[in-house]
Amino acid sequence: MRRGFFNTIQSRLFLLFLVSMTLILVTVSLLFYDRSSEDYQNKVSDLSKKNSSQTVALFDLLLKGYDSLSKSLSNNMDVVRILSQKETSPAVDYFNERSITNVIGAIYYSRDDLMGIHVISFGGKVVSFGDYANVVDTMYRDADWFKEIQDSSGRMEWLGVFPQSVIDTSLKKQVFAFGRLIYDLDQYKPIGIVLVEAKPQLILSAMDNLKLGPHGDAYIFTESDKVIASSSDAPLLTEESRAAIAASGEGVYSSGDELIVTSKITVADWTIASKTPVADLNVELVRTKRYLVVVFAILVFISILIAIWGSRTLSFPLKRVIREMRKVEAGDFDRVLSIHSYREIDQLVVSFNHMVWRIAGLIEQVKISSVSEKNAEIQALQSQVNPHFLYNTLDMIYWLLDEKGNDKLADVVLSLSHMFRYSSHWENEATIGQEVEQIRHYLTIIETRLEGRLAVDIDIDERWLDFRVPKMTLQPVIENAVKHGLEPVGSQGKLGVSAIQEGDSLTITVSDNGIGMNENQLAELRKSLEIPRTSERGGDTLELVTHREGGIGMTNLQRRLRLMFGENYGITVESAPLKGTSVRIRLQLPEKVEVRNEYTGS
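In structure tokens, the structure reads:
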């Protein structure tokens with residue numbers, strides 16, 4: 026059953042439509058997803074670079090401001106002078122401290138992102154200004170940040186983000202610390218340190234701007250791999266990631282399942298880096314993929330419906346044609362199929378209807394032919410009542426006339442006997458030689474009756490004498506020529522019978538110089554010879570038309586010729602008043618014709 030199903034046109038068309046449309050959808054979906062992935066990755070890369078460049082610009086502006094702030098303190102003449110003094114009285118110390126406090130206080134209030142400013146002399150004095158109690162850690166000299174600034178050779182030292190103040194034990198909030206040495210400009214030697222602690226929110230928010238996903242991390246580190254700041258609770262960069270960053274410098278690259286974006290901050294010799302899991306970046310791609318899956322499923326369902334509709338549209342008319350063919354196969358020819366579909370199927374339906382009509386017409390033609398043949402056989406049987414008695418009687422009359430020397434009448438009786446024998450042995454076909462012999466006997470009788478007023482010329486090549494034609498082909502034509510053309514003339518008449526090959530056909534011409542026919546008579550005769558070929562159903566049919574006096578008429582001959590040779594063969598008539606009549610009998614030649622001696626008679 027499965028094999029039978031897949032052998033049907035509908036199933037094949039359904040599978041063809043479905044597979045084709047599915048392949049197209051899969052190809053388009055994959056190409057769209059691939060292009061979407063590429064576009065999304067490019068957008069992520071562009072966004073990362075944009076965020077990184079914005080962050081670098083922010084840090085440049087921020088750090089340049091901090092650098093200017095620290096320089097304004099380290100180069101302040103009052104601060105340098107006070108820190109350069111070696112021994113002073115308590116009153117002078119108090120005055121000096123107030124002077125430094127005024128300087129750093131003015132700077133502190135000039136910005137809103139500072140948390141504390143500390144001026145530390147190498148002699149152990151610390152002057153601080155800020156919003157808190159300024160409780161100085163007495164162990165600050167042992168701290169790493171102090172040593173870093175002390176070893177900085179006068180350059181800006183960015184210490185980094187710390188969870189609390191590096192010097193003020195009362196400040197428990199995150200700070201961004203940086204500082205530099207204060208030099209005695211006369212002796213060019215360090216005399217102290219400026220330490221500034223600022224609010225880290227600007228730096229932390231800039232780092233958050235670097236992160237591309239909820240699980241991303243951001244880092245700031247120096248060339249010596251010192252971490253300046255990192256996102257909250259973020260693990261340190263792996264050695265592999267740091268090596269990759271060091272090798273690549275700036276840019277966007279992948280490291281395992283992570284996307285890393287790096288940029289340089291030249292003001293501080295920093296490197297900022299963001300690390301984002303690829304899974305976070307693919308969230309949008311996952312949504313796109315799910316959307317494509319849903320759309321693909323919907324389109325496949327629509328494709329199935331289209332495939333079903335398309336296959337049924339093409340196969341349904343063919344199924345109707347098949348059903349009608351089966352009915353015709355069962356013998357029902359009263360079918361007229363009416364289907365309006367595609368042009369090719371419409372042409373098939375038209376051809377099918379014509380075929381059915383043609384078959385029905387041929388069947389009707391065979392029925393009529395069979396009836397005609399049976400009627401002719403009945404007539405032949407009726408004419409064969411005691412044939413031997415009639416033959417013997419005619420022979421007896423012939424011998425009596427011959428004994429008395431009446432040769433002409435004896436020839437008439439002998440010809441009549443031969444004609445009767447020929448016509449009484451009813452067969453469907455005869456040779457042209459037999460037909461010529463028959464009309465020769467007929468013309469013997471006619472010449473006797475017309476008292477020599479008829480001259481006959483028969484010119485038929487001997488090679489055509491064995492050619493088979495319907496029996497009684499020539500006699501009806503000769504009989505019509507004599508009776509309706511020559512007898513009314515009353516003078517010498519001429520009758521000619523000839524045969525000539527024209528291509529693949531043989532044309533026998535019977536001509537006379539009788540009274541001929543006018544246009545109306547000729548039209549009526551031609552109309553009687555035009556046997557209807559198409560019935561109301563479109564098939565072929567033939568009417569049984571006989572001579573009005575009961576003989577085998579020319580219309581009957583026309584029917585029998587077309588039955589034997591086809592619709593393109595038969596009788597044509599040409600005539601003119603007082604100029605005679607010419608009847609042409611066109612026959613189909615066989616492929617090979619045996620050549621014999623020429624036969625002529627008169």
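Residue 500 in the working numbering sits at position 475 of the sequence shown; the count goes up by one each step and never skips.
Glycine is no exception: its CB is placed at the ideal position from the N, C-alpha and C atoms.
Quick caveat, the model's predicted, so the values are computed rather than measured.
What first and last residue would you give for the beta strand (DSSP E) that runs through PRO513? Taking the first residue of the sequence shown as 1, we reach residue 513 at position 488. No beta strand (DSSP E) contains PRO513, which DSSP labels as neither H nor E.
DSSP puts HIS683 in a beta bridge; with which residues? For the chain, the structure presents residues 26 to 627; residue 683 sits outside this window and is missing.
Should the stretch 542 to 551 be called in touch with the stretch 469 to 479, which here means at least 3 C-beta pairs below 8 Å? Flag = no, the stretch 542 to 551 and the stretch 469 to 479 do not touch.
Can you give me the C-alpha to C-alpha distance between ILE329 and ARG60, rounded to a whole angstrom? For the purposes of this step, residue 329 is taken as residue 304 along the sequence shown, with counting starting at 1. For the purposes of this step, residue 60 is taken as residue 35 along the sequence shown, with counting starting at 1. Each residue's Cα considered, the two are about 27 Å apart.
Identify, in the order they occur along the chain, each residue of the same chain with its Cβ nearer than 7 Å to the Cβ of LYS603, setting aside the five sequence neighbours on each side. For the purposes of this step, residue 603 is taken as residue 578 along the sequence shown, with counting starting at 1. The sequence shown places Leu at residue 603, not Lys. Only ILE540 and GLY541 meet the Cβ criterion.
Tell me which residues share the same chain as THR163 and place their Cβ nearer than 8 Å to its Cβ, disregarding the 5 neighbours each side in the sequence. On the sequence shown, residue 163 is found 138 positions in, with the first residue counted as 1. So no residue of the chain qualifies.
Alpha carbon to alpha carbon, how far is ASP137 from ASP156? Here residue 137 is taken as the residue at index 112 of the sequence shown, counted from 1. Here residue 156 is taken as the residue at index 131 of the sequence shown, counted from 1. So the alpha carbons of these two residues sit roughly 11 Å apart.
How many whole angstroms separate the CB atoms of VAL535 and ILE503, which I take to be in contact at a CB cut-off of 8 Å? On the sequence shown, residue 535 is found 510 positions in, with the first residue counted as 1. On the sequence shown, residue 503 is found 478 positions in, with the first residue counted as 1. Yes, they are in contact, since the Cβ atoms of VAL535 and ILE503 sit about 6 Å apart, within 8 Å.
Below 8 Å between beta carbons: does that hold for LEU586 and GLY595? Taking the sequence shown and counting its residues from 1, one reaches residue 586 at position 561. Taking the sequence shown and counting its residues from 1, one reaches residue 595 at position 570. In contact: LEU586 and GLY595 (Cβ atoms closer than 8 Å).
May I have a chain-ordered list of the beta strand (DSSP E) segments no shorter than 3 residues that lie completely inside the stretch 221 to 258? 242 to 247 and 252 to 255
So, for LEU582: in the same chain, excluding its five sequence neighbours on each side, which residues have a beta-carbon less than 8 Å away from its beta-carbon? The residue labelled residue 582 in the question sits at position 557 within the sequence shown. Result list for LEU582: PRO495, MET497, THR498, PRO501, VAL502 and ILE596, in chain order.
Can you tell me whether TYR91 is buried or exposed, with buried defined as 16 or more other CB within 10 angstroms of its CB? Counting from one through the sequence shown, the residue named residue 91 turns up at place 66. By the neighbour-count rule (16 or more Cβ atoms within 10 Å), TYR91 is buried.
Test item: CB-CB of VAL103 and VAL128 under 8 Å: As a working mapping, residue 103 is identified with position 78 in the sequence shown. As a working mapping, residue 128 is identified with position 103 in the sequence shown. Here residue 103 turns out to be Asp, not Val, going by the sequence shown. Contact flag set, yes.
ASP565 (DSSP reduced to helix, strand or coil): Mapped onto the sequence shown, residue 565 falls at position 540. Note on ASP565: pLDDT 39, under 50, position unreliable in the model; no value is reported.
Given 8 Å, three or more beta-carbon pairs between the stretch 172 to 181 and the stretch 64 to 80: no
Using the Cα positions of ARG558 and LYS399, report the straight-line distance between them to the nearest angstrom. Against the sequence shown, residue 558 aligns to sequence position 533. Against the sequence shown, residue 399 aligns to sequence position 374. Confidence is the limiting factor: at ARG558 the pLDDT is only 46, short of 50, which leaves the residue's position unreliable, though a coordinate-based value still follows. So the alpha carbons of these two residues sit roughly 22 Å apart.
Since ILE470 contacts LEU441 with CB under 8 Å, what's their CB separation in whole angstroms? Numbered from its first residue, the sequence shown carries residue 470 at position 445. Numbered from its first residue, the sequence shown carries residue 441 at position 416. Their Cβ separation, rounded to whole angstroms, is 6 Å, which keeps ILE470 and LEU441 in contact under 8 Å.
Can you have a look at GLN463 and say buried or exposed, based on whether 16 or more other CB atoms are within 10 angstroms of its CB? Within the sequence shown, residue 463 is the residue found at index 438, counting from 1. With 16 or more other Cβ atoms within 10 Å, it is buried.
Three-state secondary structure (DSSP) of ILE192: The residue given as residue 192 occupies position 167 in the sequence shown. Three-state DSSP puts ILE192 in coil, outside helix and strand.
Using the three-state DSSP reduction, which class does GLY356 fall into: helix, strand or coil? Position 331 of the sequence shown, counting from 1, holds the residue named residue 356. In the structure shown, GLY356 sits in coil (DSSP, three-state: anything other than H, G, I, E or B).
According to DSSP, ALA601 sits in a beta bridge with which residue or residues? Locating residue 601 in the sequence shown gives position 576, counting from the first residue. Beta-bridge pairing links ALA601 to GLY605.
Limits of the unbroken beta strand (DSSP E) element including ASP482: If you number the sequence shown from 1, residue 482 lands on position 457. Run containing ASP482: 479 to 485, per the beta strand (DSSP E) assignment.
Count the other CB atoms, across all protein chains shown, that sit within 10 Å of the CB of ALA131; report buried if there are 16 or more and exposed otherwise. Looking up residue 131 in the sequence shown gives position 106. Its Cβ having fewer than 16 others within 10 Å, ALA131 is exposed.
Count the other CB atoms, across all protein chains shown, that sit within 10 Å of the CB of ASN67; report buried if there are 16 or more and exposed otherwise. Within the sequence shown, the letter at position 42 stands for residue 67. ASN67 should be labelled exposed.
I need the DSSP call for VAL160, collapsed to helix, strand or coil. The residue you call residue 160 lines up with position 135 of the sequence shown. In the structure shown, VAL160 sits in coil (DSSP, three-state: anything other than H, G, I, E or B).
On the CB-based measure, 16 or more other CB atoms within 10 Å of its CB, does VAL318 come out buried or exposed? The sequence position of residue 318 within the sequence shown is 293, counting from 1. The residue is exposed, with fewer than 16 neighbouring Cβ atoms inside 10 Å.
Which term fits SER299, buried or exposed, when burial requires 16 or more other beta carbons within 10 angstroms of its beta carbon? Residue numbering aside, residue 299 sits at position 274 when the sequence shown is read from its first letter. By the 10 Å Cβ count, SER299 comes out buried.
Please state the DSSP three-state secondary structure of VAL186. For the purposes of this step, residue 186 is identified with residue 161 of the sequence shown, where counting begins at 1. In this structure, VAL186 counts as strand in the three-state DSSP scheme.
Which of the three DSSP states is assigned to THR291 in this structure? Numbered from its first residue, the sequence shown carries residue 291 at position 266. Reduced to three states, the DSSP call for THR291 is coil.
Is the beta carbon of ASP294 sitting closer than 8 Å to the one on GLU222? Within the sequence shown, residue 294 is the residue found at index 269, counting from 1. Within the sequence shown, residue 222 is the residue found at index 197, counting from 1. For ASP294 and GLU222, no; Cβs fall outside 8 Å.
For the structure I just gave you, are there three or more beta carbon pairs, one from the stretch 133 to 148 and one from the stretch 217 to 235, closer than 8 Å? Yes: the two stretches touch, three or more of their Cβ pairs being nearer than 8 Å.
Under the criterion of a Cβ to heavy atom distance below 7 Å, does GLN110 qualify as lining the ligand PLP? Ligands displayed in this structure: none; no statement on the ligand PLP is therefore possible.
Kindly list the residues whose CB is nearer than 7 Å to the CB of LEU227, restricted to its own chain and excluding five residues on each side of it in sequence; keep chain order. Here residue 227 is taken as the residue at index 202 of the sequence shown, counted from 1. Closer than 7 Å at Cβ, skipping near neighbours: LEU87 and ASP138.
Could you tell me which residues DSSP puts in a beta bridge with LYS300? For the purposes of this step, residue 300 is taken as the residue at position 275 of the sequence shown. ASP242 and ILE285.
CB-CB length for GLY43 against ALA355, believed under 8 Å: Mapped onto the sequence shown, residue 43 falls at position 18. Mapped onto the sequence shown, residue 355 falls at position 330. The sequence given here has Leu at residue 43, not Gly. 36 Å between Cβ atoms; not a contact.
Please list the terminal residues of the continuous beta strand (DSSP E) segment that includes ALA455. Numbered from its first residue, the sequence shown carries residue 455 at position 430. 454 to 456 is the span of the beta strand (DSSP E), which, as asked, contains ALA455.
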